[in-house]
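Have a look at the structure below, then the notes.
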Amino acid sequence: RVQGPDLALATDKSSPRVPILRHPDVRRMLMLQKCHSEGMRALLTYAAWTKDQADLHPGDESWRSRFELLLPLVKGYSSEKAFELLALSLQVLGGSGYTEDYPIEQYLRDAKIDSIYEGTTGIQALDLFFRKIARDRGTAIAALSADIHDFCKSGPEGDRLAGERELLMRMLEECQGQLGVLVDHLLAFQSDPDRIYLVGLHANAQLESLAELVIAWQLLRHAEVALADLGYEADPFLQGKVASARFFVRHALPLAATRRTAAFEDDGAIMQLADDSW
14 RVQGPDLALA TDKSSPRVPI LRHPDVRRML MLQKCHSEGM RALLTYAAWT
64 KDQADLHPGD ESWRSRFELL LPLVKGYSSE KAFELLALSL QVLGGSGYTE
114 DYPIEQYLRD AKIDSIYEGT TGIQALDLFF RKIARDRGTA IAALSADIHD
164 FCKSGPEGDR LAGERELLMR MLEECQGQLG VLVDHLLAFQ SDPDRIYLVG
214 LHANAQLESL AELVIAWQLL RHAEVALADL GYEADPFLQG KVASARFFVR
264 HALPLAATRR TAAFEDDGAI MQLADDSW
C-alpha cells in the first residue's frame with residue numbers, strides 16, 4: 014500500500030507518498046522473512062539429503078550421525094522462528110494484519126503448536142547437546158564444522174563472496190566457543206553439580222546458533238551457484254538469493270557472538286532464586 018513519504022524526503026511536506034516497500038524498516042522486516050524462510054527450507058533440504066546419503070550408504074555411520082545432529086535444528090529452530098516471522102508478517106501489514114482480512118492471524122495461532130508437540134524446543138535443545146553432541150563425543154559436530162571451515166577457505170580468485178566467507182568463519186568460531194563453554198560445564202558436573210544447570214540455561218541458545226550457522230553456510234552455497242550463473246546480472250531471482258545470503262550472515266553473526274558471551278558470563282544465579290520470588 015502507499016503510505017508516508019520516502020525517508021530521505023520526510024522533511025518535505027509536498028513529497029509524494031510511496032509504497033511501504035520503500036520504507037527501510039519494512040524492507041528490513043521483509044528481508045528477515047525472506048532470508049529465514051529460504052534458509053529454513055535450505056536447512057530442511059540439506060537434512061533430507063543427509064538422510065538420503067545415510068540410506069544409500071548404510072555402512073557409513075557418519076551420514077546417520079549428521080542427519081540425527083540436524084534433526085533438532087530443523088524442528089526446534091524452524092518451529093520457533095516460523096512463529097516469530099509470522100508475527101513480523103503481521104507487523105508489515107499493520108492493523109490490517111490483525112484482522113481476518115488476511116490469513117496471517119490464523120497462521121500465527123496455528124503455527125505455535127509446532128514448537129510444542131513432538132518435544133518442546135527446550136527438549137530438542139537438550140537432545141541436541143546431550144545425545145547428539147556429548148554422547149557422540151563431538152564426532153558429528155566436528156565433521157560438520159570441518160565442512161563449513163573448508164567452504165570458508167574455498168573461494169576462487171576474485172571471489173565475490175570473500176567477505177561473507179570471512180563472516181561465516183567468525184560465526185563458526187563463535188559457535189565453537191559457545192559450545193566449549195557448555196562442554197566445560199558438563200565436565201565440571203561431578204565436582205560441582207550446579208554447573209549442569211548452566212547447560213540447561215543455554216541449550217536453546219546453542220541450538221539457535223548452530224542452526225543459524227548451518228543456514229548461513231547453505232545460503233552462501235546457494236549464492237555461490239547464483240553468482241556463477243551466466244544470467245545473474247539480469248535475473249532478479251538470482252540477485253535475491255545472493256542478497257538473502259549476504260543479509261543473513263550479517264544478521265546472524267552478532268547473535269552468535271552475543272550468545273557465546275551470555276553463556277560465558279552467566280553465573281547461574283537464576284537457579285538460586287527462591288520459589289516464592291516467582
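Those letters in the sequence shown? Residues 14 to 291, by our numbering.
All residues carry an ideal CB built from backbone N, CA and C; glycine is no exception.
Since this is a predicted model, take the numbers as computed values, not measurements.
What residue from Asp163, Arg77, Leu56, Leu141 has the CA that sits closest to Gln66's CA? Among Asp163, Arg77, Leu56, Leu141, the Cα nearest to that of Gln66 belongs to Arg77.
Any contact of the region 110-121 with the region 159-172, i.e. 3+ C-beta pairs under 8 Å? With a cut-off of 8 Å, the region 159-172 and the region 110-121 do not count as touching, because too few Cβ pairs lie within range.
Assign Glu74 to buried or exposed, taking buried as 16 or more other Cβ atoms, counted over all protein chains shown, within 10 Å of its Cβ. So Glu74 ends up on the exposed side.
With distance defined between alpha-carbon atoms, name the residue in Lys47, His70, Phe80 nearest to Tyr59. Among Lys47, His70, Phe80, the Cα nearest to that of Tyr59 belongs to Phe80.
Round the Cβ separation of Gln46 and Lys88 to the nearest angstrom and send it over; I've been treating them as touching at under 8 Å. About 20 Å separates the Cβ atoms of Gln46 and Lys88, ruling out a contact at the 8 Å cut-off.
Quick check on the DSSP output: the alpha helix (DSSP H) that includes Gly72 runs from which residue to which? No alpha helix (DSSP H) contains Gly72, which DSSP labels as neither H nor E.
Return the CA-CA distance between Gly193 and Leu139, expressed in angstroms with no decimal places. For Gly193 and Leu139, the distance between alpha carbons rounds to 15 Å.
Buried or exposed: where does Thr63 fall if 16 or more other Cβ atoms within 10 Å of its Cβ makes it buried? Answer is buried; the Cβ neighbour count reaches 16.
Close-in-space but distant-in-sequence residues of the same chain around Val105 (CB under 7 Å, 5 per side omitted): Around Val105: Val39, Met42, Leu43.
Between the alpha carbons of Asp68 and Val212, how many angstroms are there, rounded? If I take the Cα positions, the gap works out to 33 Å.
Let's see if you can read the secondary structure: which residues bound the beta strand (DSSP E) around Val31? For Val31, the uninterrupted beta strand (DSSP E) segment begins and ends at 30-32.
At a Cβ threshold of 9 Å, is Asp68 touching chain C? Of the protein chains in this structure there is only one, and it is not chain C.
Helix, strand or coil for Asn206 per DSSP? One detail in the question is off: residue 206 reads as Pro in this sequence, not Asn. The three-state secondary structure of Pro206, taken from DSSP, is coil.
Looking only at C-alpha atoms, which of Pro206, Ala276, Ala236, Phe260 sits nearest to His49? Comparing Cα positions, the closest option is Phe260.
Simplified DSSP assignment, three categories, for Gly52: Gly52 falls in the helix class under three-state DSSP.
Just reading off the beta strand (DSSP E) that Gly17 is part of, what are its end residues? Per DSSP, the continuous beta strand (DSSP E) segment holding Gly17 begins and ends at 15-18.
Of all the beta strand (DSSP E) runs that stay within the bounds of the region 172-246, which reach a length of 3 or more residues? Scanning the region 172-246 for uninterrupted beta strand (DSSP E) segments of 3 residues or longer gives nothing; none is fully contained.
C-alpha gap between Pro18 and Leu34, whole angstroms: If I take the Cα positions, the gap works out to 11 Å.
Counting only runs that start and end within the region 78-109, where is the alpha helix (DSSP H) found for 4 or more residues in a row? Listed in chain order, the complete alpha helix (DSSP H) runs (minimum 4 residues) inside the region 78-109 are 91-106.
Unbroken alpha helix (DSSP H) run spanning Arg259, endpoints: For Arg259, the enclosing alpha helix (DSSP H) stretches over residues 249-278.
Once the 5 residues before and after Ala95 are set aside, which same chain residues still bring their CB inside 8 Å of it? Counting only Cβ-Cβ distances below 8 Å, and skipping sequence neighbours, we find Met53, Ala124, Asp127.
For Tyr130, count neighbouring Cβ atoms within 10 angstroms of its own Cβ and tell me buried if that reaches 16, exposed if not. A residue is called buried once 16 or more other Cβ atoms fall within 10 Å of its Cβ, and Tyr130, having fewer, is exposed.
Have a look at Arg150 and Leu232 and give me their C-alpha separation to the nearest angstrom. Approximately 28 Å, taken between the alpha carbons.
Measuring straight from C-alpha to C-alpha, what distance separates Pro206 and His198? Pro206 and His198: Cα-Cα distance of roughly 9 Å.
Hey, quick one: how far does the alpha helix (DSSP H) through Leu141 stretch, first residue to last? First-last for Leu141: undefined, no H or E at that position.
Would you call Val238 buried or exposed, if buried means 16 or more other Cβ atoms sit within 10 Å of its Cβ? Of the residues assessed, Val238 falls on the exposed side of the cut-off, its CB having fewer than 16 other CB atoms within 10 angstroms.
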